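According to this note's numbering, the sequence shown is numbered sequentially starting from 1.
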Amino acid sequence: MSEWPSWLPLKASLVDSDIYGAPQIAEVLKLNTNENPFSPPEQVIDQIMQAIKSIAHDLNRYPDRDAIELRDSLAKYIRREVADISIDNIWAANGSNEILQQLFLAYASSSCLGFTPSYSVHPLIAKITGSNWISAQLGENFKLETNQLLSLVEKHNPSIIFITTPNNPTGGVVEFKHLAEIARSLVGKKILLVIDQAYAEFSTEKSAINLIQEFPHVAVVRTMSKAFAFAGTRIGYLVADKNVVQGLKIVRLPYHLSSLTQAAALVALKNTEIMQSKLIEIIKSRQIVKDELEQLGFKVSDSGANFLFFTGFKQSSNQLWQSLLDQQVLVRDVGYEGFLRVSIGTPDENQKFLQSMKSILG
Ligand SMILES: *Cc1c(COP(=O)(O)O)cnc(C)c1O
Numbered sequence: 001m002s003e004w005p006s007w008l009p010l011k012a013s014l015v016d017s018d019i020y021g022a023p024q025i026a027e028v029l030k031l032n033t034n035e036n037p038f039s040p041p042e043q044v045i046d047q048i049m050q051a052i053k054s055i056a057h058d059l060n061r062y063p064d065r066d067a068i069e070l071r072d073s074l075a076k077y078i079r080r081e082v083a084d085i086s087i088d089n090i091w092a093a094n095g096s097n098e099i100l101q102q103l104f105l106a107y108a109s110s111s112c113l114g115f116t117p118s119y120s121v122h123p124l125i126a127k128i129t130g131s132n133w134i135s136a137q138l139g140e141n142f143k144l145e146t147n148q149l150l151s152l153v154e155k156h157n158p159s160i161i162f163i164t165t166p167n168n169p170t171g172g173v174v175e176f177k178h179l180a181e182i183a184r185s186l187v188g189k190k191i192l193l194v195i196d197q198a199y200a201e202f203s204t205e206k207s208a209i210n211l212i213q214e215f216p217h218v219a220v221v222r223t224m225s226k227a228f229a230f231a232g233t234r235i236g237y238l239v240a241d242k243n244v245v246q247g248l249k250i251v252r253l254p255y256h257l258s259s260l261t262q263a264a265a266l267v268a269l270k271n272t273e274i275m276q277s278k279l280i281e282i283i284k285s286r287q288i289v290k291d292e293l294e295q296l297g298f299k300v301s302d303s304g305a306n307f308l309f310f311t312g313f314k315q316s317s318n319q320l321w322q323s324l325l326d327q328q329v330l331v332r333d334v335g336y337e338g339f340l341r342v343s344i345g346t347p348d349e350n351q352k353f354l355q356s357m358k359s360i361l362g
């Protein structure tokens with residue numbers, strides 16, 4: 001938006017803002033927002049209907065403000081990876097995007113540091129919460145360089161640092177021991193190290209959740225949108241030291257998480273195995289699509305997520321994006337010239353994407 005009416009007291013910091021969002025186009029193959037392509041299984045849908053019916057009598061009441069049952073259930077899910085996690089270490093909200101917003105509201109006491117290319121919503125929320133965002137380029141092959149990070153910390157003294165791993169849009173994974181080294185180097189600096197792990201379940205790397213006992217200044221953001229195939233429900237969560245959670249309770253809106261959301265998420269967590277039964281298939285498909293793209297001559301970044309970031313085409317990103325859309329295939333142009341990101345779909349969808357790529361090339 002460039003022209004705002006003069007009577008509207010829009011904040012100066014927002015005047016030049018774009019409205020976030022990937023294009024929503026009906027009737028196309030959607031490989032642009034990293035959703036899980038498989039619907040929840042019928043048996044889970046039935047249980048969700050029942051759960052909602054049984055709480056519907058209480059919809060005249062506000063929901064549980066602290067989402068006790070849900071956080072307890074999330075803690076149980078996380079204990080499959082890390083033993084020492086209790087409800088006090090968990091916070092839940094409407095998608096991890098809301099968790100991120102709460103982190104900014106509570107902890108962006110000075111500037112915030114992030115890397116690019118990475119998740120564009122981090123700088124977006126920085127902007128709408130009035131936080132100063134400092135962006136640094138990732139190194140060669142989109143690697144995170146510890147020395148660069150530490151010199152930026154010296155220079156800017158940020159209050160929050162964001163690392164996304166597996167990274168979106170590159171798919172790159174920061175090794176656990178590298179994260180531990182970074183966490184250790186930030187001890188005593190009054191910095192919250194936020195590790196966005198929206199795609200953790202698609203990667204074999206040890207989760208950053210294993211760091212929070214030793215390093216209480218590490219906060220891990222996770223979501224049910226991707227691995228749980230539950231994006232429409234809007235459930236994201238934080239795993240962190242209990243003091244980090246306390247800060248988020250100050251800034252959350254009262255009753256932010258609806259009873260319907262909490263009930264549906266509880267059912268999904270009770271059915272974790274079934275909800276995640278397609279994970280292995282998606283990971284296998286990721287390799288198949290990567291191999292085929294490479295055979296077509298593209299360069300594809302290694303990915304620990306449910307998407308691939310590729311380059312090596314002659315057109316501009318926007319031209320190839322448009323050519324694919326002309327064939328009813330919607331991928332993501334993240335604004336990083338020379339690259340596009342494609343989400344892994346069902347096997348049929350992946351073949352359709354690859355066919356379209358071949359026909360555009362040929
Ligand atoms: C998809 C994604 C999210 C998830 O957002 P939700 O609000 O939980 O749906 C968070 N971080 C990254 C890096 C993502 O790609």
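Note that CB positions come from ideal geometry on N, CA and C, so glycine has one too. No experiment lies behind these values; they were computed from the predicted model shown.
Judged by their CB atoms, L31 and F353 are nearer to each other than the 8 angstroms cut-off. When beta bridges are read from the DSSP output, L152 appears opposite no residue. Looking at the backbone, the Cα of Q213 and that of M357 are separated by about 46 angstroms. Around the C-beta of I25, fewer than 16 other C-beta atoms lie within 10 Å, and the residue is accordingly described as exposed. Annotation: the segment 173-243 contains the following complete segments of the beta strand (DSSP E) (minimum length 3 residues), in chain order: 192-196, 218-223, 236-239. A contact is defined here as three or more CB-CB pairs under 8 angstroms, and the segment 85-97 meets this definition with respect to the segment 234-242. Pairing H156 with L124 gives a Cβ-Cβ distance that is not under 8 angstroms. Here A12 is exposed, its C-beta having fewer than 16 other C-beta atoms within 10 Å. Not a single heavy atom of ligand 1 lies less than 7 angstroms from the C-beta of D72. Looking only at E27, I191, A227, K177, the smallest Cα-Cα distance to E154 is reached by I191. Between the alpha carbons of V174 and N147 lies a gap of roughly 15 angstroms. Under the three-state reduction of DSSP, L296 is assigned to coil, being neither helix nor strand. The C-alpha of T33 lies about 21 angstroms from the C-alpha of L238. In this structure, ligand 1 has a non-hydrogen atom nearer than 7 angstroms to the beta-carbon of G236. Classified as exposed, P254 has fewer than 16 neighbouring CB atoms from the shown chains inside 10 Å of its CB.
For V329, the three-state secondary structure derived from DSSP is strand. Within its own chain, the residues whose Cβ lies closer than 6 angstroms to the Cβ of V251, once the five positions on either side in sequence are excluded, are Q102, L105, A106, listed in chain order.
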